[in-house]
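Per the numbering used here: the sequence shown = residues 4 to 453.
Ideal Cβ positions, reconstructed from N, Cα and C, are used throughout, including at glycine.
Bear in mind that the values here come from a model prediction, so they are computed numbers and not experimental data.
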Amino acid sequence: MKTDITRRYFLQTTSLAGASLSLGLANSRAAETDGTSAKPAVLGGEPVCSGGFPGWPVFDETEEKALRETLHSGQWYRGSGKAVAGFEEAYAKLTGAKHCLATSCGTSALTTTLGALEIGPGDEVILPPYTFVATYNVIVLNYALPIFVDSDLETFQIDANKIEAAITERTRAIVPVHLGGSSVDLDKVLEVGKKHKIPVIEDACQSHLAEWRGQKVGTWGTGGCFSFQASKNLNSGEGGAVLTNDHDFAEICRSFHDQGRAGHVAARFAYSGTRGSNLRLCEFQGNLLLAQMTRLEEQSKRRTENATYLTKMLREIPGILPAKMYEGCTRNAYHLYMFRYQKDQFANLTRAKFMTALGKEGVPCSGGYSPMNRSAYVLGLTRTRHYQKTYPSETLNRWAERNQCPKNDQLCQEAVWFTQNMLLGPRTDMDKIAEAIRRIQKHAGEVAKV
Ligand SMILES: *Cc1c(COP(=O)(O)O)cnc(C)c1O
C-alpha cells in the first residue's frame, strides 16, 4: 500500500510539474499545488483552510420580511394565521406527500406518529443505535421497549437484513433512520414491515429532499418525520413535520398534535377522547420555513455536487472510506458528510489525533455518535420502576444481550463527520479538505508523536 501511495503522489506531482512547465510556470508552483509536501499545521505548518467554511444559518431580507409580516399580523398561533398551513401545503407539494402536518420539532413529529399508532407499555419498537438520542427517547417516553438493530458499516444505516430477526409478537413499529441525508435500504425495510404487518415510521429528520428510487424519503412508510431544528438542512430554529399518504393516519396525527382534538373549530371544545398534547408549530416558524424553503433546492444541489466531488477524491486516500449509498438511494441530502477513518493506513495515528490535526488545518470535524445501546443511560432502563413493573424480568434480563451491535461499535470508533454547511462553499473548499487529509497522512508518523 505504502509504495502505492508514494507512487501515486509522485505521478501526480510530475504531471502537475509537466503542466506547469508547459504553461511556463516555475516548478515551485507545482510543489505548492501538491499540498502533501507541506508540513501539517499541527506540526507548525500553514493551515490548508485558513479561510473557514460557509456559516449557518443563511438568511437575508426574505426572512426578515417574513418574520415582520407575522409580527404585524398579530396572528402568531397556527389556529388564526395561515403561514403554518401554507408551509404544510408547500412541503407536501415539494415532497409529493398527500399530507403534511407541521409540529413543534422533529421529536414531536416522532411522538405524534408513535402516539397515533398507540405505542405503549409492553410494545417493542425497532430502531438503529446510530442515531440522535431523540429516536430512542420517543420510544421510552411511551414505556415501549426499544430494540436496536445493528448498523451496516459501509453505509452507516440500519442493517435492514437484520431487522426480521429482531421482530417478536410484541413488535409494534419499525423506526429506521435515514442518517446523514442518505437513505436506509427502503426496499428491504418496507418488505419486512409488510410481511409482518408492522408499520414503518421513517425518521427522516436529517434527510430533507433525499430520495429512494426517485421518490422522496419520508413518504414511503406509514409516516415520515422531519426536523427543522437549527442544525438541519431546513431550519426554523425548532420545528418539525410528519408526512403521510394515509388520510386516516394524517387525521389522527393532526388530532394528536393538538390535544387530541378534531381539527375544526366546531369541535374545539368537544373533547374527542383521543390522547394528545400540544405539539403545534407557530406562525413565525411557519413563515420562516417558507422563506428558508426558497433556498433549499439550490443549497441541496450544491451540497450534493461538492460531496460527490469530495468522495471521488477521498476514495483515493487509503484508510478513508466515505459512507456508501444503497443503489436505490437516488438522492442524498448530505446533512452530514461521513467517512470511516482507518488508522492502520495512517501509521496508527489515533482517530482523536487525526481529528485534532484536521481541526488545526482549519477543517472542523467530529467523531459522531458514541454507541447508544451501550451507554449507561440506555442500560439503566431495565432498572427503572416502570419498566420493572411492565416487563417480565426474563425480558429485561435478555434485553442488553438482544441489543448487541458489534458493527455499530466499530462504526462509532472509526467515523468522522463534517457538517452540511461545509459543503455550501466553492469546490475549491473540497480540494482543501482532501489536501489536509493527504498532508496528515504523509506525515502521520510525526503527527502521532505530538
Ligand atoms: C434532529 C433529529 C431528531 C430530533 O429533531 P428535533 O427537531 O431536534 O426534535 C430526531 N432524529 C434524528 C435522526 C435527528 O437528527
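| Query | Result |
| --- | --- |
| Between residue 113 and residue 141, is the Cβ-Cβ spacing less than 8 Å? | yes |
| Flag residue 106 as yes if its beta-carbon sits less than 8 Å from any beta-carbon of chain C, otherwise no. | This model lacks chain C altogether, as it is built from one protein chain only. |
| Measuring straight from C-alpha to C-alpha, what distance separates residue 451 and residue 185? | 33 Å |
| So the alpha helix (DSSP H) residue 146 belongs to, where does it begin and stop? | Counting along the chain, residue 146 falls outside any alpha helix (DSSP H), and DSSP gives it neither H nor E. |
| With a 10 Å radius around its C-beta and 16 neighbouring C-beta atoms as the bar for buried, classify residue 373 as buried or exposed. | exposed |
| Count Cβ pairs between the stretch 97–110 and the stretch 157–173 that sit closer than 8 Å; are there 3 or more? | no |
| Just the Cα atoms here: how many angstroms apart are residue 214 and residue 179? | 15 Å |
| What are the uninterrupted segments assigned as alpha helix (DSSP H) that are 4 or more residues long and contained completely in the stretch 200–238, given in chain order? | none |
| Can you give the beta carbon distance from residue 293 to residue 237, rounded, assuming they're within the 8 Å contact cut? | Going by Cβ atoms, the distance from residue 293 to residue 237 rounds to 11 Å, so no, they are not a contact pair. |
| Please give the ranges of any beta strand (DSSP E) in the stretch 295–357, keeping only runs that are unbroken, at least 3 residues long and fully inside the region. | 323–325, 332–334, 339–344 |
| Just to confirm, are residue 405 and residue 166 a CB contact at a threshold of 8 Å? | no |
| Under the assumption that residue 73 contacts residue 286 (Cβ atoms under 8 Å), give the Cβ distance between them as a whole number of angstroms. | 5 Å |
| Are the CB atoms of residue 338 and residue 247 nearer to each other than 8 Å? | no |
| Which of helix, strand or coil does DSSP assign to residue 452? | coil |
| Following the continuous beta strand (DSSP E) through residue 421, name the residue where it begins and the one where it ends. | 418–422 |
| Taking 7 Å as the line, does the beta carbon of residue 186 fall inside it for any heavy atom of ligand 1? | no |
| Look up residue 102 in the DSSP assignment and say whether it is helix, strand or coil. | strand |
| Short of 7 Å in beta carbon distance, which residues of its chain neighbour residue 469, apart from the five on each side in sequence? Order them along the chain. | In this structure the chain extends from 4 to 453, so residue 469 is not present and cannot be described. |
| Which residue's Cα is closest to the Cα of residue 369: 375, 377, 360, 376? | 360 |
| Flag residue 95 as yes when its Cβ comes closer than 7 Å to any non-hydrogen atom of ligand 1, and as no otherwise. | no |
| By alpha-carbon positions, which one of 90, 416, 317, 245 ends up nearest to residue 119? | 245 |
| Taking the alpha-carbon positions, what's the residue 63 to residue 295 distance? | 10 Å |
| Go ahead and label residue 7 buried or exposed: buried means 16 or more other beta carbons lie within 10 angstroms of its beta carbon, across all protein chains shown. | Because the pLDDT of residue 7 is 40, which lies under 50, any placement of that residue in the model is unreliable, and the question is left without a value. |
| Helix, strand or coil for residue 444? Go by DSSP, reduced to three states. | helix |
| So is residue 83 buried or exposed if we call it buried at 16+ other beta carbons inside 10 Å? | exposed |
| Anyone know if the C-beta pair for residue 344 and residue 453 falls short of 8 Å? | no |
| Evaluate residue 24 with the Cβ neighbour count: other Cβ atoms within 10 Å of its Cβ, from every protein chain shown; 16 or more gives buried, anything less gives exposed. | Unreliable placement is indicated for residue 24, whose pLDDT of 35 sits below 50; the coordinate value is still reported in the next sentence. Result: exposed. |
| Leaving aside the five residues before and after residue 253 along the sequence, list all residues of the same chain whose C-beta is less than 7 Å from its C-beta, in chain order. | 102, 104, 247 |
| Counting C-beta neighbours from all protein chains within 10 Å, is the total for residue 217 16 or more, i.e. buried, or is it exposed? | exposed |
| Over the uninterrupted beta strand (DSSP E) stretch that includes residue 176, give me the two end residues. | 174–177 |
| Three-state secondary structure (DSSP) at residue 243? | strand |
| Counting only runs of 4+ residues fully inside the stretch 59–113, write out the alpha helix (DSSP H) ranges in chain order. | 64–76, 86–98 |
| At the level of alpha carbons, what is the spacing between residue 135 and residue 376? | 12 Å |
| Can you give me the Cβ contacts of residue 439 inside the same chain, cut-off strictly under 7 Å, excluding the 5 residues immediately before and after it? | 51, 52, 361, 364, 366 |
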